[in-house]
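Colleague: Just so you know, the protein sequences line up as chains F, L and S, in that order. Residue numbering for the first sequence follows my numbering, starting at 266 and increasing by one per position. Residue numbering for the second sequence follows my numbering, starting at 52 and increasing by one per position. Residue numbering for the third sequence follows my numbering, starting at 2 and increasing by one per position. Idealized CB from N, CA, C, for every residue including glycine.
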Amino acid sequence: MTRPTPVDLALGVLDHQLVDADGENCGKVDELELTGLDSASPEVVAILVGGTAWRTRGLLGRIASRFSGNAVHVPWSEVKSVSAVVELKRPAAELRLARGDDRWGKWTAKLPGGG
Amino acid sequence: MSLKSILAVALGILSAIGGFVDIGDIVFNVQAGATFGFQLLWAVVIGVIGIVVYSEMCGRVAAVAKRPVFDLVRERAGFGAGLTTLFASEVVNLMTCAAEVGGVAICLKLLAGLPYRLLIVVAVVALIVCAWRLPFEWIERVFGYLGLCLLVFAVAAIKLHPDWGEVGRGLVPGSHSGASTLVYLYFVVGLLGAAMTPYEVYFYSSGVVEDRWGPKDLRLNRVTAVIGYGLGGFLSFALMITAAMLFLPRGIDPELLGSPALAGGDTLGQIGLLLALVGILFAVGGAAIETCFSGAYNLAQFFGWRWGKFERPVRASRFTLSWLVIFALAMLVVMTGYDPVKLTEYAVIFSVVALPLTYLPILIVANDRTYMGSYTNGRVANAFGIAYLVIILAISVAAIPLMIVTNAGQG
Amino acid sequence: MLAFAILGAVSCVGCGGGTLDAEALSKQAEALQSVAAEGALLGQAAASGETTQTFAREHSAALSELAAKTQESLRGATTQPSLQPSLRRLTTLAADTTAALEQLGDATQVEQRELAAMLRAAADQAERIAGS
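1. Who are the near neighbours of F:ARG355 in its chain, counting only those whose CB is closer than 8 angstroms to its CB and skipping five residues on each side?
2. Could you give the first and the last residue of the continuous alpha helix (DSSP H) run that contains L:GLN461?
3. For L:TYR237, I'd like the list of residues in its chain whose CB is within less than 7 angstroms of its CB, leaving aside the five on either flank, ordered along the chain.
4. Under a CB-based cut-off of 7 angstroms, is F:GLU289 close to chain L?
5. Quick check on DSSP: helix, strand or coil for L:VAL365?
6. In the DSSP output, which residue or residues are listed as bridge partners for F:ALA311?
7. Quick one, are the C-beta atoms of L:GLY283 and L:VAL72 less than 7 angstroms apart?
8. Quick one: Cα of S:GLY15 to Cα of F:ARG364, how far?
9. For L:THR318, does the three-state DSSP call read helix, strand or coil?
10. Inspect the CB distances between the segment 292-301 of chain L and the segment 122-130 of chain L and report whether three or more fall short of 8 angstroms.
11. Alpha carbons only, please: which of L:VAL329, L:LYS117 and L:LEU319 is nearest the one belonging to L:LEU268?
12. Using the C-alpha atoms, what's the distance from L:PHE204 back to L:TRP215?
13. By the criterion of Cβ-Cβ separation under 7 angstroms, what are the contact partners of L:SER310 in chain S?
14. Run through the DSSP bridge pairs and tell me what F:VAL284 is partnered with.
15. Sort out for me which residues DSSP pairs F:VAL347 with in a bridge.
16. Output yes if chain L places a C-beta closer than 7 angstroms to the C-beta of F:HIS281; else output no.
17. In whole angstroms, what is the alpha-carbon distance linking S:LEU103 and S:SER61?
18. Tell me the DSSP secondary structure of S:THR53 in three-state form.
19. Would you please verify whether the beta carbon of F:ALA374 is less than 7 angstroms from any beta carbon of chain L?
20. Does the Cβ-Cβ distance between L:GLY424 and L:ALA334 come in under 7 angstroms?
21. Classify L:TRP189: buried if its beta carbon has 16 or more other beta carbons within 10 angstroms, exposed otherwise.
22. So the alpha helix (DSSP H) L:ILE446 belongs to, where does it begin and stop?
23. Less than 7 angstroms between the C-beta atoms of S:ALA96 and S:LEU116, yes or no?
24. Name the chain L residues that come within less than 8 angstroms of F:LEU325, Cβ to Cβ?
25. Within the 7 angstroms Cβ cut-off, does L:ARG220 reach chain F?
26. Counting along the chain, where does the alpha helix (DSSP H) carrying L:TRP264 start and finish?
27. Starting from the beta carbon of L:ARG301, find every residue of chain S whose beta carbon is closer than 7 angstroms, and list them in chain order.
28. Using 7 angstroms as the threshold, is the C-beta distance between L:THR409 and L:PRO249 below it?
29. Below 8 angstroms, can you find three or more Cβ-Cβ pairs linking the segment 347-356 of chain L to the segment 252-270 of chain L?
30. For a contact defined as C-beta to C-beta under 7 angstroms, what are the partners of L:GLU306 on chain F?
31. Run down chain L in chain order and give the residues with a C-beta less than 7 angstroms from the C-beta of F:ASP366.
32. Specify, as a first and last residue, the run of the alpha helix (DSSP H) that S:GLN81 falls within.
33. I'd like to know whether the C-beta of L:LEU372 is nearer than 7 angstroms to at least one C-beta of chain F.
34. Under the three-state reduction of DSSP, which class applies to S:THR20: helix, strand or coil?
Encoded structure:
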């Protein structure tokens with residue numbers, strides 16, 4: 266088994282662009298959920314996207330989180346690769362991501378030529 | 052290379068930089084010329100070099116890392132700093148967009164004579180329709196080429212027979228005569244701020260990503276930056292020189308957007324006047340679209356939404372609604388009747404205050420090997436980048452005090 | 002908050018009425034001189050056919066609004082006794098300049114030439130008041 270390359274979570278994952286299986290933007294890595302911090306091998310359980318995920322990101326984050334809904338939990342198992350962006354294995358819709366674009370898409374579709 | 056392809060590349064470069072002159076440049080260069088003659092031409096030179104340096108960096112980052120710079124601000128600076136930068140950028144963007152929209156309405160009034168508030172609505176609707184329906188190459192071409200009517204100011208500058216020796220001396224910073232030193236410094240700050248507007252580099256880097264430039268386009272990136280902003284600098288010279296020849300001797304302090312157009316009339320008659328007005332109209336109109344989209348790009352890139360001028364609105368819906376809302380807000384601001392020329396002065400000064408926030412991440416990212424690989428800043432780029440960062444920090448601190456003490460240049 | 006405070010501080014120069022000292026009076030005179038001089042330039046250009054009629058009308062209207070603002074600032078203003086004559090002259094000049102600019106837009110070319118000459122004289126007089 267090849268040795269896993271270390272990834273700097275703070276610089277390499279947090280705040281990075283999430284890209285789904287279709288190559289589309291679907292949010293940013295707003296927060297990471299870790300377990301086993303007091304054990305020998307802590308691991309990343311999930312990526313949190315949006316809303317309440319901003320609560321841990323400083324004062325401005327707390328203010329911002331008040332204006333948005335609940336964060337979406339994306340299990341780490343859904344991550345395909347971590348490079349300049351964090352690529353996911355499935356399309357955004359299946360992971361309940363980029364719902365904002367879908368929600369507002371209903372309105373822009375109503376505008377002439379919006380479809 | 053055939054003549055046809057050279058022409059195509061040249062035109063492509065010219066239209067790529069749509070907002071080479073915007074209302075901030077017009078207001079500050081004309082007022083500087085009317086107050087200090089040729090003595091502030093050197094400030095234009097410094098400003099143009101500054102934006103060429105940072106624009107080249109932004110373009111290089113976008114072409115190599117395949118991400119626009121604002122996208123990377125959050126990654127590099129974190130959520131808090133990124134959100135602060137976003138907030139500052141959006142406020143300044145909105146003020147600038149409103150000023151540009153107001154400028155368009157004023158030009159329309161000078162050309163057509165209809166009521167001002169009606170023309171504000173006409174202007175915003177026309178700009179939205181252009182941005183919504185026209186492919187972006189067409190927008191760049193229409194606004195870019197018609198903006199080139201501003202070249203009438205270059206002709207006017209020559210026909211007014213300035214003392215070219217004195218003009219040359221103005222290219223070197225030196226002692227100044229005329230109004231007070233504080234007013235002089237205020238204009239230095241304003242001219243640098245008007246030349247180095249952040250929305251242009253953010254808009255440009257987003258475009259580089261969408262047009263899928265790569266490392267092989269780095270030379271084109273450099274040429275585009277130099278020619279595009281060089282042209283802007285040339286036009287700024289023309290504006291300052293004509294103002295110096297026409298207004299300074301008569302003791303005129305131009306406060307109206309129509310004032311510089313008199314230079315066109317004076318030298319080339321009615322045609323000159325109309326070319327001047329059309330040039331201002333389309334340069335400022337193009338800048339309105341650019342500031343608006345830059346605001347939408349920043350929002351989408353910070354939050355990770357889908358974005359892109361080529362995306363269908365129903366897919367990149369939050370991005371689309373962002374730029375529509377920005378135009379709507381800009382319209383509301385102008386509707387209050389607040390003088391767009393005054394608004395421009397405040398927008399430029401506030402932009403200067405926020406400049407370090409916007410330019411420092413660019414310098415950091417351009418030096419980051421994880422994004423840039425072997426294309427990080429060389430010694431020359433870093434030397435210029437750091438020199439300008441010092442300049443930017445200095446003017447950022449001095450901007451608001453100078454504005455207050457000199458009553459926005461009135462002395 | 003700070004932005005509004007700054008805007009308020011900066012835009013309050015020349016608020017109407019009140020007492021004008023020598024420097025404030027000079028500033029008002031300079032402002033009027035600038036508007037009158039530009040009006041003269043516009044009038045000359047319009048008389049020579051270098052502008053469109055729409056531009057002449059719209060730009061002169063905008064200039065007359067600026068002159069009216071100076072007129073408003075001077076209305077009801079007081080100053081020290083030695084400057085009273087200058088204040089009176091300037092107030093009259095402001096009124097004449099505003100009126101001339103209002104007429105400029107729709108005047109015939111001959112009238113525009115006359116108005117331009119009148120505005121140039123007003124500018125000269127305002128300059129003298131500013132300098133004194």
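Modeller: In brief:
1. Excluding its 5 nearest sequence neighbours in each direction, F:ARG355 has C-beta neighbours in its own chain below 8 angstroms: ASP285, ALA286 and GLU343, listed in chain order.
2. Premise fails: L:GLN461 is in no alpha helix (DSSP H) and is neither H nor E.
3. Contacts found: LEU453, MET454, THR457 and GLY460.
4. Interface with chain L (7 angstroms Cβ-Cβ cutoff): F:GLU289 is included.
5. Coil.
6. Checking the DSSP bridge columns, you'll see F:ALA311 partnered with F:GLU298 and F:PRO340.
7. Using a Cβ distance threshold of 7 angstroms, L:GLY283 and L:VAL72 count as a contacting pair.
8. Unreliable placement is indicated for S:GLY15, whose pLDDT of 48 sits below 50; no coordinate value is reported for it.
9. The answer is helix: DSSP assigns L:THR318 an H, G or I state.
10. Because the criterion of three Cβ pairs below 8 angstroms is not met, the segment 292-301 of chain L and the segment 122-130 of chain L do not touch.
11. As written in the sequence, residue 268 of chain L is Asp, which differs from the Leu given in the question. Ranking L:VAL329, L:LYS117 and L:LEU319 by Cα distance to L:ASP268 puts L:LYS117 first.
12. Cα to Cα, L:TRP215 sits roughly 16 angstroms from L:PHE204.
13. Those within 7 angstroms of L:SER310 in chain S are GLU39.
14. Per the DSSP secondary-structure output, F:VAL284 pairs in a beta bridge with F:ASN290 and F:GLU352.
15. The partner list for F:VAL347 (beta bridge, DSSP) reads F:VAL351.
16. Yes, contact with chain L.
17. Residue 103 of chain S is actually Glu in this sequence, not Leu. The straight-line gap from Cα to Cα measures roughly 7 angstroms.
18. Residue state, collapsed to three classes: coil.
19. With 7 angstroms as the cut-off, F:ALA374 counts as an interface residue toward chain L.
20. Result no, Cβ atoms of L:GLY424 and L:ALA334 do not sit closer than 7 angstroms.
21. It is exposed - the Cβ of L:TRP189 has fewer than 16 other Cβ atoms within 10 Å.
22. Start and end: 430-456.
23. Against a cut-off of 7 angstroms, the Cβ pair of S:LEU116 and S:ALA96 comes out as no contact.
24. Counting only Cβ-Cβ distances below 8 angstroms, F:LEU325 has contacts in chain L at PHE130, GLY131, LEU134 and THR135, in chain order.
25. False, the Cβ-Cβ gap to chain F never drops below 7 angstroms.
26. Segment: none, L:TRP264 is in no alpha helix (DSSP H) and carries neither H nor E.
27. Contact annotation for L:ARG301 against chain S: ALA38 and LEU42 [CB-CB distance below 7 angstroms, chain order].
28. Contact flag set, yes.
29. Between the segment 347-356 of chain L and the segment 252-270 of chain L there are three or more inter-stretch CB-CB distances shorter than 8 angstroms, so the stretches are counted as touching.
30. Ordered by position in chain F, no residue passes the 7 angstroms Cβ test against L:GLU306, which lies about 39 angstroms from the chain.
31. Going along chain L in sequence order, the residues near F:ASP366 (Cβ under 7 angstroms) are TRP356, ARG357, ARG366, ALA367, SER368 and ARG369.
32. That residue, S:GLN81, is in no alpha helix (DSSP H); it is neither H nor E in DSSP.
33. L:LEU372 counts as touching chain F.
34. For S:THR20, the three-state secondary structure derived from DSSP is strand.
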